[in-house]
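Working notes, beginning with the structure itself.
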Amino acid sequence: MPEDHLSLDPWLAAAAIALALLLMAAFAAAETAFTAASRARMLSLEETGDRRAREVNRLLGRRGRFIGAMLIGFNLVAVGASAFATSVMVGLVGREGVIYATLGMALLVIVFAVVMPKTAAIAAPDRTALALARPVSWAVTLFGPLTQLIEVIARVLLRPFGMRLGEALPVLSASEELRGQVALLHREGGVAKVERDMLGGLLDLEELTVSEVMVHRTKMRTINADLSSEEIVREVLVSPYTRMPLWRGSQENIIGVLHAKDLLRALDAVGGDAGRLTVETIALESWYVPDTTSLRDQLKAFLLKKTHFALVVDEYGETQGLVTLEDILEEIVGDIRDEHDLSVQGVRPQRNGSVNVDGSVPIRDLNRAMDWDLPDEEATTIAGLVIHEAQAIPDAGQAFTFHGFRFQVLRKSRNRITALRITPVVPAPETPDPPPPGSPASPR
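Per this note's numbering, numbering through the sequence shown is continuous, rising by one, with the last residue being 457.
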């Protein structure tokens, strides 16, 4: 019995197949472009009044339905085009047309409906997403009921395997995702190192505590309240700081904070006669904060209290150091120095590639200065990191290798490491294993 097959003009059949390939290319390009498009850039464009960007954000807000519509549209057109091409080829050349149609459509779909549109979309995802926003919206509306039905079927079939659609939690937090995006943009050249460090420092405020950025009590510049008023005035004038803790009896017994501007006002009020001053009445009340306070909370507290200075205490109420607003800002913008700051060079790169570092240099500052990635979870200073890794207080001349660096202790004062030399360790090239004895390549 003769078989009836679709018989069309070859040019008309070719036009129908070309239209099908164009539709499949649009579905494939839309899926790739919308997935790779920058949500931040689309939100920025939407805020400027771009309707296409608003449509893109609306579709991305229903990502599951959007992807389902694109897959349904692509596969429906692909199956229909393949069946149409097979019928046309069988009508032209007989049963062998099935093979020709299969091979021909596979090649056309892979090249013109998958590879080319996806490559073009990934090269310019934002522009492609904006261009296809309106047609994609129509397609999602058209295939909406079918997409919902398929989602219900998928939920039912996946439930026995413990998978529940729509309940998956993100692997990364918002700050971690933002940090990764900034690092990627820096690697690709879109964000400068300074900008990357500033954004990273801003994100780190929640994780860092005041104990990690404070000035330790051994480095605090304080004034003995038992000194004469003239001596106290001289101490304040030679100090590079505007706020000075006052102590009595022992340096841990802080009785107030003396502000240089308040002292000058009081000195002017008594006609410049320092002997008539009562310094304790000028000093501000000390403000104590726990050493476990996060930098973000401390920054908010500084802004709320309208002050720049706080003393840090541990769980026993003992003074551990002091923290200022400038210390927190330096975690974001880097080292801030003015004409009155003491110039202390704690990081000194050498010509041979090594770096001489003071033991008290914070690990975060060293990482920022040298673009390194030394861990700072277990220690705040570079000397603390060496002691933690060595599990002992090393002597001068000892060297250790960890985290891809060689640490050599240059100087030590009592139980403190005061200077180190850090050298990046270059991995040795891998050498091939020697050939077994008796093989043609073995030496004789």
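Ideal placement from N, C-alpha and C gives every residue a C-beta, glycine not left out.
- Of the residues Ile295, Ser367, Ile435, the one whose Cα lies closest to the Cα of Ala273 is Ile295.
- DSSP places Ile267 inside the beta strand (DSSP E), whose first and last residues are 263 to 272.
- For Gly334, the enclosing beta strand (DSSP E) stretches over residues 332 to 337.
- Nearest neighbour of Arg52 by Cα position, chosen from Leu72, Ala38, Thr99, turns out to be Leu72.
- The beta carbon of Gly157 is closer than 8 Å to those of Arg78, Ala82 in its chain, skipping five residues each way along the sequence.
- In this structure, DSSP gives Trp24 a helical state, which the three-state scheme calls helix.
- Cα atoms of Arg364 and Leu324: separation of roughly 40 Å, rounded to the nearest angstrom.
- If you ignore the 5 residues before and after Ala42, its C-beta comes within less than 8 Å of the C-beta of Pro130, Lys131, Ala133, Ala134, Thr141, Leu145, all in its own chain and listed in chain order.
- Around the C-beta of Lys319, fewer than 16 other C-beta atoms lie within 10 Å, and the residue is accordingly described as exposed.
- Under DSSP, Gln411 shares a beta bridge with no residue.
- Across the structure, Thr45 and Val92 are spaced so that their CA atoms are roughly 21 Å apart.
- With contact defined as three or more Cβ pairs closer than 8 Å, the region 254 to 269 and the region 218 to 229 are not in contact.
- A distance of 8 Å or more separates the beta carbons of Asp378 and Ala432.
- In the structure shown, Lys232 falls within a helical segment according to DSSP collapsed to helix, strand and coil.
- Where Pro138 is concerned, the enclosing alpha helix (DSSP H) starts and stops at 138 to 155.
- Around the beta-carbon of Asp286, fewer than 16 other beta-carbon atoms lie within 10 Å, marking it exposed.
- Distance between Leu250 and Gly62, taken at the CA atoms: about 57 Å.
- The C-beta distance from Ala409 to Arg429 rounds to 12 Å, too long to meet the 8 Å contact threshold.
- DSSP places Asn369 inside the beta strand (DSSP E), whose first and last residues are 368 to 371.
- Annotation note: the region 43 to 124 contains the following uninterrupted alpha helix (DSSP H) runs of length 4 or greater, listed N- to C-terminal: 52 to 60, 64 to 74, 76 to 106, 110 to 121.
- The C-alpha of Leu216 is placed about 51 Å away from the C-alpha of Ala31.
- Residue environment for Ser241: exposed (fewer than 16 other C-beta atoms within 10 angstroms of its C-beta).
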